[in-house]
Structures are given as C-alpha cells and as structure tokens.
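All remarks here apply to the structure that follows.
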Amino acid sequence: MEHRRLGTSDLELPVATFGAWAIGGLFWGGTDDQQAIEAIHAAIDHGVDAIDTAPIYGRGHSETVVGQAIRGKRDKLKILTKCGIRWDIDEGEHHFTLPAPGGGEVTAHRFLKADSVIHECEQSLKRLDIDVIDLYQVHTPSESATAEETMGALVKLQQQGKIRHIGVSNYNSRQMAAALEHAPVVSNQIMYSALIREIEKDELPFCRKHGLGVICYSPMALGLLSGKMTMDRTFPETDIRSRKQWFQPENRKRILDTLETIRPLADRHKATLGQLAIAWVIAQEGITTALVGARNAAQAVENAAAAALRLSPEDVQFIGQAFAELNMPR
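In terms of the working numbering, the sequence shown is residues 589 to 918.
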C-alpha cells in the first residue's frame, strides 16, 4: 500500500484510509457490529493501517466498534477522530435533526468551546481504548467559539500528549487561515469525488499552497459511484442518502448513465467502477488519502485494492470530464 506524508507532519497515511462513518449506524440505517469488525480486520490485512472515525458517527458507537477492532493492533495503526458535533447538549448552533434507527430523533449541535473540545477528546480516548489520537480534527466550523479558543484547546491537548497532530474538516480557505494563526494544523478533511468537485475552486488550492494534507471523504459519493447502485434502490428516512439530491431519480439516472460511459475503462483495468472512482481521487494533485468505508470484509478488500490501481493522465482526464459535465452541486 502506498503511503503519503500528511502535510508537514511526520504522519504517513495509506492512500486508502478506512472510513468508519457507516459502521456507526446513524445516517446509514443501522449496522452490524461483527461485520464491521471483520471489515476493519480485512482492511488492515490488506495494508490499510489508518482508520478515521468521529463521535457523532452513531453517537459514540463507531469509535467503540473501532476500539474493539483494533485491540492488540494499536501499535501498527494510525487513529484519526474528531470533535465539535455534540448530540448530548443543547449548546452551540443547531447542526441537524434526523430520525434515529429504532425510533425517535437525533439532534446535534456544532460546539467548539475549549472545555467541550477537551471533554470530547477524553471521551474519544475512552471509547477507542487508546492513550493518544494520531490526528484530532475539528469536524466542522462553528461560530460557538473563536478560532483562538478552539485551537488553543487543541494545542493544550497536543502538549499533554493526548493527540499527536491537529487537523480540521469542512473548512474553507478563510477558516483554515484563521486556524493556522493559532495552531500547527496539518490537514483538512473535505468531501471530494469525481462527481462532487467544489473544493477545486477554494479549499484544494489553499491546501496545496500552504502544505496542508487533504483527506477526502465520500470518494464514491456515498456509494453512488460504486457501480452497485440501481434506479430502484430505496433508502429509509434514517439513511442520509434519502435526503441527498444526487440520489433523486432524475439526478441518479444521469449519474448512472455517466458511469456506463466509463465502464469500458474500468473493464480495461480489470477494476470495478467503485475502484475507479477511488483511484481517480487518489490520483489528484495534493490529495493525501481517500476515506473508504466498508460494512463487511468483501467491501473492505475491494476498496483497498483500488489503491494499487494506476490511472494514466488520459484516464484521469476522461473520468473527470465525464462527471464535470453533470455539474452536480454538493
């Protein structure tokens, strides 16, 4: 598995990092913990030695499952998690209210006061059952605290040895610049795929200019570019995909039709369409790693194999142009 240095840090990440969003269950209509653990083990066995998670993924459940899966393997792995989205308090800015698996609703707030950041870190360490977090990321911007206060808390955690490196997620260039004034931020985690390209205008150029690593989530656009999605697939209201405009019938058809135009390229590479989508992201200048989620071992093995796929500049251009013509907003 190829590894790349994350920004100016000494952290080397595989070009495909295990994304533990789906195994939290929340947003994805539930999960099977045993299959999730098997998926993580399969990914590790195939060279994926980094795992990205967050407290809000299943309200702590994803971190707990990751903690169980990595027991006895911690020294070989890099663990990435986040702070800043709270479901257990009413402070801060409303972030979302969604139906929860099993009934009821989940309401979350963006909250980045110093005490909250420190509390979240301590809770994550307990759930993950580890002593230090390799990359601790602010999950999303919030006006609940100044950049100075939030970054100050992260620097304190770094000085205490509870986190190794500081990152952000979903930050634009202005927000990244403000964060860099107060902390040695090494990365930004942002949504990026051949379908969703908004970061090419602002965030990606900023990261390249300032030497920040770029961690890309949803390289397969929540599975839409996997080649396994059909027009008749439906999603429960507890699944985030039921709310995404890409999955609405008219848009979904356009996207699936576009996938068919690049299927011959996938066939030539003896790859799946999903592997092609992941490889396209990894091939972009300035990208450190793509987060690849999996809910079972077979998916984990397939996604890890995408890291070995080598696309020519012509392949990259062909795929990019095909999806650029859709002009699909985030």
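We put the beta carbon where it would ideally sit given N, CA and C, even for glycine.
What you are looking at is a predicted structure, and each value in this text was computed from that prediction instead of being measured.
Taking 8 Å as the cut-off, the beta carbon of Ala702 is found no closer than this to the beta carbon of Ala885. By alpha-carbon distance to Pro689, the top candidate from Lys744, Ala630 and Gly613 is Gly613. Excluding the 5 residues flanking it on each side, His634 has same chain C-beta neighbours closer than 8 Å at Met589, Ala888, Val889, Ala892 and Ala893, in chain order.
Taking C-beta atoms as the reference points, Gln747 and Leu668 fail to come closer than 8 Å.
For Glu710 and Val694, the gap between their C-alpha atoms comes out near 22 Å. Within the same chain, and ignoring the five residues on either side of Ala766 in sequence, the residues whose Cβ sits closer than 7 Å to its Cβ are Ala735. If you check the CB distance, Thr728 and Ser761 do not come in under 8 Å. The Cβ-Cβ distance between Ile721 and Arg674 does not fall below 8 Å. Assignment of His697 by DSSP, reduced to helix, strand and coil, places it in the strand class. Ranking Ala895, Leu847, Leu742 and Pro824 by CA distance to the CA of Ala912 puts Leu847 first. Boundaries of the beta strand (DSSP E) harbouring Ile721: Ile721 to Val726, taken from the DSSP string. Taking C-alpha positions only, Lys670 is separated from Lys797 by approximately 24 Å. In this model, Gly908 and Cys795 are separated by some 20 Å (Cα to Cα). Here Val869 carries a helix assignment [DSSP, helix/strand/coil].
From the listed residues Phe684, Lys750 and Gly692, the smallest Cα separation to Val705 is found for Lys750. The alpha-carbon of Val773 is positioned some 34 Å away from that of Gln623. Under DSSP, Val756 takes part in a beta bridge, and its partners are Val726 and Asn776. Three or more beta-carbon pairs drawn from the region 636-643 and the region 599-607 are found closer than 8 Å, and the two stretches are therefore classed as touching. By the criterion of a C-beta distance shorter than 7 Å, Val653 is surrounded in its chain by Ile611, Asp621, Ala624 and Ile625, once the five residues flanking it on both sides are discounted. Measuring C-alpha to C-alpha distances from Arg659 to each of His683, Ser650, Ser712 and Asp717 identifies Asp717 as the nearest. Residue burial is scored here from C-beta neighbours: Thr818 has fewer than 16 other C-beta atoms within 10 angstroms and is therefore classed as exposed. Distance from the CA atom of Leu700 to the CA atom of Met779, rounded to whole angstroms, is 21 Å. When secondary structure is reduced to three states using DSSP, Gly613 falls in the coil class, being assigned neither helix nor strand.
Here Gly799 has Gly595 and Thr596 as same chain residues with Cβ atoms under 8 Å from its own Cβ, once five neighbours each way along the sequence are excluded. A distance of 8 Å or more separates the beta carbons of Arg715 and Gly672.
Residue state for Arg674 is assigned as strand, using DSSP reduced to three classes.
If the five residues before and after Phe684 are omitted, its C-beta is found closer than 6 Å to the C-beta atoms of Ala696, all from its own chain and listed in chain order.
In summary, Glu708 is buried, with 16 or more beta-carbon neighbours lying within 10 Å of its beta-carbon over all protein chains present. Closest option to Ser806, judged by alpha-carbon separation, among Ile870, Gln905, Glu737 and His629: Ile870.
The Cβ-Cβ distance between Ser732 and Gly680 falls below 8 Å.
Less than 8 Å separates the beta-carbon of Gly801 from that of Ser775. For Cys804, the closest of Leu897, Val743, Glu651 and Gly874 by C-alpha to C-alpha distance is Gly874.
In the assembly as shown, Gln836 is an exposed residue. Its beta-carbon has fewer than 16 other beta-carbons within 10 Å. Nearest neighbour of Gly691 by Cα position, chosen from His591, Thr826 and Asp598, turns out to be Thr826.
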